[in-house]
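Residue numbers (my numbering): 1163 to 1602.
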Amino acid sequence: MNKLDKQETNITYDPDYFYNLGMQTIQALEVPGGVLASSAEEIYGCIFGRDSLISALKLLKSHDYESNPYYLYLTRKILEGLLELQGKEINIESGEEPGKCIHEFRATAHERLTKTGTPPWYMYSDGTMRNFDSIDSTPLLLIALYRYFQKSSDTDFIKEKEKNINLALDWILNFGDKNGDGFIDYEKHPERKAGGLDVQSWMDSAESVFHEDDIAVVFPISPVEAQAYSYLALKLWSKYFSEHTKKRAEILSQKAKHLKQEFNKRFVFGQPEYPIFAHAIDNNGKALVSKRSSIGHILWACLNEKDDGKKDCILDKQFIEPLIKNILQPDIFEPTAGIRTLSKESRVFDPISYHNGSIWPHDNSLIAEGMQNFGFKKEAHLVRHAIFSAYTHFQTPIELFAFHEGNYLEYKSQSGQIACREQAWSAASMIADALALKHE
């Protein structure tokens, strides 16, 4: 028995049961504009760009295992809804920029934010709340559009949306880098009066951005996953435009090439056999080196043989295996629960926090898919098995949970906020991972 085999646990579960549970949940969350991030009764019962897109991408992955027209139908519906909400102008109060993907959209029931928020969030003249405070939604939108086109052969849809696609690509090229260091970064506009998010990566709580040496973090911040997603988006659409708009394709290709070169200089350092992976870089060029699960998203944002004739991601290939070994170490991976958001070795580790030691199913699902992308099937199985062990306890596609002293705990913040129990990206991940386990 090797080291990986020893991490396998004897908890049993039925993938078919969880597949059906995931399908029931995602169908219940479907609305005319796409899919709610959580049930309407829960705190995130509205449209979120990032959540919607990861849900769609997990459904598209499910389509690789079984040809179910519902996956393509709901993905197209999600994409159409988000493209309707795509940014058209610069509005510093909401974070809107031309081509940028929406972060959060609430047509109604937004008074908690727009009336009593501290300060109140921006409300548009039509009475809706539209917020654009996410750095990764736009590259995710581009990836989802390409993957949908790839799996559906829906050429008419892509031709119809080519203007939107170019606007999103232009957002990466023209708006994505606030400080000119070559990376995709974010900073809430210093003149904004309305409320919003200071931290705009997927771990978007204020607690998630810090230096281990306690030096103050300086914005803008360049998170690792935004670089990985942007690299993939640029490469995919460069390939698409190479067939008819070669100048455009070359611009995208060169941006991707430069991004990869700089990424491997600045986000990876230390000894070659034991590299350190930064999860972000701040405006002073100082790397945020706490070990976080988000470094595993590098593996997910991967070109496949159909895309470019080879496996490729933003990380140089000699670092792939060390990265996988890094995030399966016992300081961050629990064999019966999953990969934590933050290593137990961090000075701020807290297993019952929102982003500093908690476990998120969708996060683990992306990492497992990434491991499988590069042929690490046993490692991918370990991560999926761990999350399904937790699903067996919670019996629902939960948003996040805590694992402390061998016990599964539902997340509850000091202010009383609890984890959503019906979460779209968890449900879509549950579907994809159940199918992956069945097809091993």
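Every residue, glycine too, gets a C-beta built ideally from N, C-alpha and C.
Which residues does DSSP list as the beta-bridge partners of residue i?
i: GLY1196; result: VAL1193
i: MET1291; result: ARG1268
i: VAL1545; result: In DSSP, VAL1545 forms no bridge with anything.
i: PRO1281; result: According to DSSP, which records beta bridges pairwise, PRO1281 is partnered with nothing at all.
i: ASN1569; result: HIS1566
i: PHE1495; result: ILE1501
i: VAL1430; result: PHE1439
Would you tell me roughly how many angstroms separate the C-alpha atoms of residue i and residue j, rounded to the nearest one?
i: ASP1298; j: LYS1468; result: 24 Å
i: ILE1486; j: TYR1286; result: 44 Å
i: ILE1482; j: ILE1457; result: 11 Å
i: PHE1538; j: LYS1277; result: 49 Å
i: GLN1423; j: ALA1202; result: 44 Å
i: SER1363; j: LYS1540; result: 29 Å
i: ASP1366; j: GLY1358; result: 11 Å
i: ILE1560; j: LYS1409; result: 45 Å
i: LEU1396; j: GLY1211; result: 19 Å
i: TYR1436; j: SER1370; result: 24 Å
i: CYS1263; j: LEU1234; result: 20 Å
i: GLN1433; j: LYS1479; result: 15 Å
i: ILE1413; j: THR1407; result: 10 Å
i: SER1415; j: SER1577; result: 46 Å
i: ASN1164; j: PHE1439; result: Caution applies to ASN1164, whose pLDDT of 48 falls short of 50 and renders its modelled position unreliable; the model cannot decide the point.
Please classify residue i: does DSSP put it in a helix, a strand, or coil?
i: ILE1438; result: strand
i: PHE1381; result: coil
i: TYR1206; result: coil
i: GLY1211; result: helix
i: GLU1255; result: coil
i: LYS1453; result: coil
i: TYR1175; result: coil
i: LYS1422; result: helix
i: GLY1532; result: helix
i: GLN1480; result: helix
i: LYS1473; result: coil
i: ASN1164; result: Reliability of the predicted coordinates at ASN1164 is poor, the pLDDT of 48 falling under 50, and the value obtained from them is presented with this limitation in mind. In this structure, ASN1164 counts as coil in the three-state DSSP scheme.
How many whole angstroms separate the CB atoms of residue i and residue j, which I take to be in contact at a CB cut-off of 8 Å?
i: GLY1257; j: ASP1226; result: That belief does not hold up - the Cβ atoms of GLY1257 and ASP1226 are roughly 34 Å apart, past 8 Å.
i: ILE1346; j: ILE1334; result: 7 Å
i: ILE1549; j: GLY1500; result: 5 Å
i: ILE1489; j: ALA1390; result: With a Cβ gap of about 14 Å, ILE1489 and ALA1390 do not count as contacting.
i: SER1200; j: ALA1586; result: 7 Å
i: SER1404; j: ALA1418; result: At roughly 12 Å, the Cβ-Cβ gap does not stay under 8 Å, so SER1404 and ALA1418 are not in contact.
i: ARG1546; j: LEU1597; result: 11 Å between Cβ atoms; not a contact.
Check whether the stretch 1347-1361 touches the stretch 1377-1396, counting contact only when three or more Cβ pairs, one atom from each stretch, lie closer than 8 Å. These segments touch.
Check whether the stretch 1416-1431 touches the stretch 1495-1511, taking contact to mean three or more Cβ pairs, one atom from each stretch, closer than 8 Å. no
Do three or more CB pairs link the stretch 1303-1320 to the stretch 1224-1241 at distances below 8 Å? yes
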